[in-house]
Structures are given as C-alpha cells and as structure tokens.
Amino acid sequence: MGGSLPSRLRSHGPIATLSASAPHPPRGKSMRALRPIALCALLALPVGSGACGNDTCKTNDDCPAGKICRVGLCARDPGLTDTLVTGDADALFDVTLNCDPAGATDLVMNEILADPPSGADVNGDGTASTTDDEFVELVNVSNRDVALTNVTIKVNDKTVVAGAFCLPPNAARVVFHTDGLPALTNGGASVSLLVDGLTVQTHTYGSEGGSDQSLTLAVQLDPTSSWVKHKEISTAPYSAGTCANGNAFPDCAGSPPVEGDADVSDSEIVAACSTLPVAGDLVINEILADPGAVNDANQDGTFDGSQDEFVEIVNVSASTLLLSGVTISEGGGKKFTFPAGTCLEAGRSAVMFGTYAGGGDFGGALAFGYNGTFGLNNGGDTVVVKDGAGTTIDSVTYGGDADSDQSVTRAVDGDIASVFVKHTLAAGSGGTRMSPGRCQSGKAFPDCGEPPVEGTGDVVEDTSGDAVTPTDTTATDTATADEVGPTCGPAAGVGDLVLNEVGLNPNGLDWNQDGTPNNTQDEFVEVVSTAAGAIQLAGVKIQDKSGGAFTFPNLCLEAGNAVLVFGGGGTLFSVSALPAGNAAPQKGAPSLNNTDESLTLLDAGGATLDSFPQRNATAGVTWVRDPETTGSFVLHNAATTAGGAVASPGLCANGNAFPSCQ
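One gets the numbering used here by counting positions in the sequence shown from 1 and adding 13 to each.
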C-alpha cells in the first residue's frame with residue numbers, strides 16, 4: 014500500500030554546492046557556491062528549520078554553544094574527534110524532504126580534485142586556494158530525486174555527510190574542502206562513497222593526484238570505469254559539476270557545448286525524436302495505488318504494496334514524443350523524471366512502477382521504476398504529468414475507489430474526457446484487476462479494439478479535461494481477491510504448457526545467474542508454452558511430490574516462449590542477460606529433492622497440464638525433454654542437440670532462444 018507522508022529526514026553534515034549544469038572552467042565561468050540565503054530559497058526550507066533563519070552565520074561567534082560556522086550555516090562542532098561527522102542521532106539539521114534516501118546505485122563518484130591548479134578559484138569564493146578548492150563530485154544517475162542525508166564521503170579515516178536536500182536526476186553535488194571535505198593529499202589517498210554506511214564506490218590514487226588537475230572516470234558516470242587524469246580526456250584541468258567535455262550531465266559522450274553556451278540541457282542530447290509534448294498529448298490512463306497481495310504489477314515475482322504501484326500514460330498524439338525532462342509526480346511531492354532521449358511512439362504507453370528491475374511483458378510499453386517509495390495514497394491522491402518546463406500536461410485526482418486491490422482506469426482507454434473506474438468494472442477489462450502498459454482488455458496499445466460502453470463507478474476528477482458522469486450507477490463491485498483474470502490472452506489450459514527442463518542439483522553452478530552459486534536457490538523448473546498465442550499464467554501451479562508448490566502470479570507468456578522458476582536468489586540474470594523471449598523469471602520454486610523427485614503442473618482450476626516423472630539427480634546436470642517440449646526426459650548432456658552441455662535454463666538444449674530449437 015502506498016500513501017506515506019514525506020519522511021522526516023535528518024542530516025549529519027554541512028550543505029555545500031549543488032550544480033545541475035555548472036559552466037566549464039576554461040570559459041572563465043567558475044562554479045560559485047550557493048550562499049545561505051539563496052540556498053534556503055532554492056531548497057524551500059522553512060525559517061527556523063535548522064538550516065536557515067537564525068542558524069545563518071558569518072563567524073563562529075554568530076552560532077550558539079556547541080556549534081561552529083560552516084559555509085554560512087551553524088553546524089555542530091566536531092570537537093577534537095578525528096571524524097568530521099560522527100553520524101549519531103543528534104542531527105545537525107531537521108528538514109522535511111519530499112524525496113527518499115539515496116539507494117546504493119543512485120549516485121556515482123565521478124571526479125576528485127586533490128591538487129587545484131595554481132591561481133584557479135574552483136569553488137568561486139573569490140580566492141584561489143590549493144586546499145579550499147579541493148573537491149569530490151557526486152552525480153545522481155537515477156531517474157528520481159534522492160535525499161543525500163544517508164550519503165557520506167570518506168577520505169582515509171575521515172568522513173563528511175553529503176547534505177540535507179534532494180538531488181534531482183542528472184544533477185551534481187560538488188563537495189569542497191570549505192564544505193567540510195577532509196583534506197585530499199596530493200601524494201595519495203583513498204576516497205570512498207558510502208550509502209547507509211556501506212561502501213558503494215572507492216578510488217585510491219597515488220602521486221597522479223598531484224598534477225594540477227583532477228582525476229575522473231575514463232567513462233563518465235560509469236563506476237566500474239578506470240580513473241584517469243582529467244586532461245587525458247579533456248583539454249580542461251577539471252570540470253566540477255559537469256561532464257569532462259563540459260556538457261551537462263548525462264551528455265558526457267556528445268560534443269562539447271559551443272563557446273559561451275554554458276546552459277546545456279538534457280533535451281540537447283541527440284535523440285531519435287524531437288517533438289515535445291503539450292497539454293493533451295499525454296493522458297494519464299491507469300493508476301494502481303493499492304496493489305494488495307494479489308497484483309504483481311511489475312512482474313518481478315513478488316507481491317509488494319509499494320513496489321507494484323504504477324502510473325500508466327499514453328501518447329494520444331499523432332507524433333513520436335520526446336519525454337526528456339517530463340515528470341510524473343504525486344500529491345506528496347515525490348517526482349519521477351523520464352531519462353533524457355526517451356521517445357514514446359504515437360499510440361503507445363509508458364508505465365512507471367514503484368520499483369522496476371527489468372523484464373516482464375507489458376505489451377511493448379516503455380517500463381521504468383521510481384525505485385523508491387513513490388507513495389500513492391490508497392484513499393486518494395493527485396497525479397500530475399508535467400513537461401520539462403514545469404507546464405502541466407495532464408492531472409488526475411482520484412478518491413477512495415483506488416483502495417480496493419486493483420487499479421483505476423479510464424473507462425475508455427486513452428480518452429482524456431473519460432471518467433476513471435475500478436479496473437474490474439471497465440467494460441473491456443473482462444473483470445481483471447489491472448493491465449499495466451496495456452489496454453484494459455490486455456491487448457497492446459494502440460490496438461484496444463472498439464471503445465467499450467462507458468463503465469460504472471465514482472467519477473474521478475481530471476483537471477485537464479471535463480469529467481463524464483457514468484450513466485449506470487446501479488452496478489456493484491463483486492470482485493474478490495482471487496479474481497486476477499487475463500491481461501494478455503486466455504488462461505492456460507490443457508495442451509498449453511509443458512515442463513521442459515528441471516534442475517534438481519546445481520552442484521555449485523550458478524544457474525540463476527545472480528552471481529552467487531547456491532544449491533537451493535539455483536534449483537529450477539522451466540515451463541514452455543505450446544499454445545498458439547499468448548496465455549495468462551495466473552494461478553498455474555508447480556507442485557512437487559511432497560506437496561510443496563509454487564503458484565504463478567499475473568504473468569503473460571508468449572507463444573513458444575519459456576518462463577523459469579528458481580528456488581530463490583538475488584537479482585536473477587545479473588551476470589548474464591535473461592535469454593530473449595523468456596517471461597520474467599520467478600522465485601519460490603518448491604525445494605527439489607535429489608532422489609525420487611517428481612513434479613506436476615496444474616492449471617488455475619487444479620487440472621493436470623503436464624508432469625515430470627520420478628527421477629534422481631545427477632550432480633550439475635539437468636533433466637530435459639528430447640526433443641524439446643514433446644520428448645521424454647533425458648539427462649541434458651545426453652540430449653540429441655545439447656552437444657554435451659549440462660544445462661540450458663531459459664534456452665533450448667542447443668543454446669538457441671525459444672522457440673527456435675532446431
């Protein structure tokens with residue numbers, strides 16, 4: 014369930030320079046630190062909040078006992094401790110932030126300046142200093158605003174907290190020595206980025222740090238890249254707040270900006286489309302605020318009341334639209350920003366989930382994740398889509414109808430004048446509870462078929478179009494928690510599915526490709542569709558001899574393709590990509606015995622679809638049908654087309670992608 018109010022977040026360090034597109038040093042426009050009054054205005058911090066008002070200062074004498082003056086703000090006196098910021102519960106600032114704390118992969122440490130060039134006033138305070146102008150640059154590479162209150166920079170054994178504000182996508186946080194950054198020695202130091210106290214990135218440099226220039230990632234924004242001297246990839250000695258080429262993040266591979274054009278925006282990244290959306294081009298079409306325990310909307314194999322929330326928008330214009338900078342926000346202030354260069358074809362949809370890690374089948378829709386707690390309130394909220402300039406494109410306010418373990422959707426797909434109704438009551442839904450990325454019928458946009466008769470339900474206000482009052486208000490919602498119908502085709506029946514490969518004993522092999530071999534989590538069952546078209550797997554069950562079972566969630570499987578169910582694991586297929594054509598891999602297969610194991614595949618009604626006869630495990634070798642989908646089970650390394658291979662999870666025995674097994 015969504016709907017949490019903005020978190021009360023605490024920071025433990027001084028606020029320093031924030032830059033979204035700072036100018037390039039060679040043009041003589043050094044990036045200036047934000048002064049206290051301007052910073053308070055930028056962050057919309059209330060007077061007396063602990064970061065503004067009475068806590069501003071010029072010297073230590075302006076601060077109360079126990080605090081000193083840092084960057085024009087009164088901060089806790091670290092005393093004689095070796096650690097600049099200890100991170101205890103006694104916060105420096107107490108600021109309400111409308112963004113979630115940074116995650117482990119949200120930020121990248123992109124640049125380190127230990128030896129500022131002689132005469133360079135890097136931090137823009139009017140004085141060139143070989144110590145005060147030292148800096149470390151962090152960049153938000155996620156698609157959401159992130160709070161930096163749980164982020165620290167560590168230099169050897171000393172640390173500083175990154176700040177108490179929300180860092181927008183593609184914005185840089187540059188922390189100078191004057192902001193509390195521990196000293197960076199020219200001869201070498203170890204610099205680390207920590208999130209929630211855990212190290213997510215480290216660079217240890219040596220004498221190369223003392224060469225009148227910064228050190229930066231050879232491949233900008235790639236934390237796995239090697240570090241190089243700045244002049245190895247640029248003519249400039251440093252680029253605080255921008256890519257090494259002088260462009261605004263994330264355009265680090267493009268040509269440098271034209272002289273004098275310091276304000277390069279994300280929309281200047283060369284994309285395959287160029288038409289920007291205006292009011293009426295994008296329609297908020299479906300909203301899931303209350304996934305309940307039955308709607309695995311993001312198809313990651315797990316039901317989650319926050320991660321499975323989603324907002325679906327549809328391009329109802331006649332042009333492919335450039336979504337760079339377009340945002341989706343909710344009433345509490347949480348905001349998702351589409352990545353630069355995102356193109357949405359005419360008639361197609363895009364869906365933003367609370368969390369999305371890839372995979373799934375959404376009918377060709379663009380899928381994204383806020384990857385935090387977006388927080389759609391179950392009992393009512395407002396969802397707004399704005400362009401990059403902040404102009405509203407569509408806005409919807411919904412009420413209590415959303416609090417019913419299902420989405421609310423336009424009664425007529427893509428019609429901005431149409432009311433919102435519960436998904437089960439939409440005329441084209443067939444009683445299903447959601448259809449993320451797809452028409453309410455489960456078909457892929459834009460082929461939704463003939464518009465259905467207006468549905469029933471409470472009117473939801475669309476503030477950019479006239480609401481239509483439903484003509485029939487006598488219908489009642491009789492849907493129950495287990496009514497999860499098809500969103501892509503008919504429910505699986507006899508003759509539609511087969512058990513094709515079973516891995517009983519991984520014997521140390523990483524079959525789920527999560528990077529960690531585990532003899533329980535890497536066990537798997539492969540199910541292949543033999544149906545003529547897409548089928549819905551909701552309710553289909555894999556049951557072992559002892560009665561242990563896995564039941565599929567609301568999941569679409571295309572004709573001839575496969576779906577894998579593993580015992581468990583971390584991020585599945587993070588080592589190598591999920592084979593093409595597979596539905597999203599699942600976790601939670603019953604524990605498989607190495608001796609005398611058998612399996613039964615059942616449809617949602619309990620009818621037997623297929624079975625795996627009793628077999629014993631051979632260490633590190635799976636059982637597979639030979640030939641695929643129709644033959645008897647044989648050890649994989651003995652299969653006709655396997656060439657001696659011991660397993661092929663998600664692939665044909667010969668290594669081809671389904672359905673091309675010959």
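For each residue, glycine too, the CB sits at the ideal point set by N, CA and C.
Of the choices K347, A504, T631, E245, whose alpha-carbon is the least far from that of A160? When only C-alpha atoms are compared, the closest one is K347.
Own chain residues within Cβ distance below 8 Å of G462, not counting five before or after: Within the same chain, Cβ atoms closer than 8 Å to the Cβ of G462 are found at G441, C452, S454, K456, the five residues on either side in sequence being excluded.
Backbone secondary structure at F671 - three-state DSSP: In the structure shown, the three-state DSSP call for F671 is coil.
Give, in chain order, every unbroken run of the alpha helix (DSSP H) that is at least 4 residues long and sits entirely within the stretch 424-471. Unbroken alpha helix (DSSP H) runs of no fewer than 4 residues, entirely contained in the stretch 424-471, are not found.
Can you tell me the Cα-Cα spacing of N156 and G371, whole angstroms? Those two C-alpha atoms are separated by around 14 Å.
If we count Cβ pairs, one from each stretch, closer than 8 Å, do we get three or more for the stretch 349-368 versus the stretch 402-417? Contact between the stretch 349-368 and the stretch 402-417 is absent, with fewer than three C-beta pairs closer than 8 Å.
DSSP three-state call for K242: helix, strand or coil? K242 falls in the strand class under three-state DSSP.
Taking 8 Å as the cut-off, decide whether the C-beta atoms of V168 and L206 are in contact. The beta carbons of V168 and L206 sit no closer together than 8 Å.
Helix, strand or coil at A652 according to DSSP, with G and I counted as helix: Taken through DSSP and simplified to helix, strand or coil, A652 comes out as coil.
Starting from A666, follow the beta strand (DSSP E) in both directions and report where the run begins and ends. For A666, no beta strand (DSSP E) encloses it, and the DSSP letter there is neither H nor E.
Take V659 and list the residues in its own chain whose beta-carbon comes closer than 8 Å to its own, dropping the five residues that flank it on each side. These residues qualify, in order along the chain: L522, G633, V634, T635, H649, N650.
Can you name, in chain order, every residue of its own chain whose Cβ lies under 7 Å from the Cβ of I297, other than the five neighbours on each side? Hits under 7 Å: V324, I326, V396, V398, D407, V409.
Nearest CA to the CA of H243: which residue from A261, G223, F262, T237? Among A261, G223, F262, T237, the Cα nearest to that of H243 belongs to G223.
Return the residue from the list A617, T248, E245, A127 that minimises the CA-CA distance to G201. Nearest C-alpha to G201: A127.
G382 and D416: beta carbons closer than 8 Å? No. Outside cutoff.
Going by DSSP in three states, G222 sits in which element: helix, strand or coil? Per DSSP, reduced to three states, the secondary structure at G222 is helical.
Taking 8 Å as the threshold, find out whether the stretch 329-347 comes into contact with the stretch 285-294 through three or more Cβ pairs. Touching, yes.
Could you tell me whether the Cβ atoms of V676 and A602 are closer together than 8 Å? This structure does not reach residue 676, given that the chain is present from 14 up to 675, and the question cannot be answered.
Can you give, in chain order, each stretch of the beta strand (DSSP E) that sits fully within the stretch 332-386 and has at least 3 residues? Uninterrupted beta strand (DSSP E) stretches at least 3 residues long and entirely within the stretch 332-386 occur at 340-343, 348-350, 362-366, 379-382, given in chain order.
Whole angstroms is fine: what's the gap from H216's alpha carbon to W240's? Spanning the two alpha carbons is a distance of roughly 8 Å.
State the DSSP-derived secondary structure class of A658, mapped to helix, strand or coil. Three-state DSSP puts A658 in coil, outside helix and strand.
To the nearest angstrom, report how far apart F172 and S203 are at their CA atoms. Reading the sequence as shown, one finds Thr at residue 172 and not Phe. Straight-line Cα distance between these residues: approximately 11 Å.
From A141 to T529, what does the alpha carbon distance come to, in whole angstroms? A141 and T529 have their C-alpha atoms some 50 Å from each other.
Who are C569's beta bridge partners in DSSP? DSSP, once it has assigned bridges, lists Q549 as partnering C569.
Rounded to a whole number of angstroms, what is the C-alpha to C-alpha distance between P640 and Q675? Taking the straight line joining both Cα atoms gives about 9 Å.
Is it the case that the stretch 558-573 contacts the stretch 424-442, given that we only count it when at least three CB pairs across the two stretches are under 8 Å? Verdict: no, contact absent.
Compare the C-alpha of F673 against each of N629, L615, N532, N574 and name the closest. Reading the sequence as shown, one finds Ser at residue 673 and not Phe. Answer by Cα proximity: N574.
Buried or exposed: S645, going by 16 or more other Cβ atoms within 10 Å of its Cβ? With fewer than 16 neighbouring CB atoms inside 10 Å of its own CB, S645 falls in the exposed class.
V135 and Y251 - do their beta-carbons sit closer together than 8 Å? In this structure, V135 lies closer than 8 Å to Y251 by Cβ.
Tell whether a beta-carbon distance below 8 Å holds between L614 and S604. No, the Cβ-Cβ distance between L614 and S604 is not below 8 Å.
Please report the residue range of the beta strand (DSSP E) in which D407 lies. Note, D407: beta strand (DSSP E), 405-411.
Tell whether a beta-carbon distance below 8 Å holds between F433 and V425. Their beta carbons are not under 8 Å apart, which means F433 does not touch V425 by this criterion.
Taking the alpha-carbon positions, what's the L228 to N513 distance? Going by the C-alpha atoms only, they are around 52 Å apart.
For E124, write down the residues that DSSP places opposite it in a beta bridge. Beta-bridge pairing links E124 to E150, T229.
With a 10 Å radius around its C-beta and 16 neighbouring C-beta atoms as the bar for buried, classify L379 as buried or exposed. L379 comes out buried.
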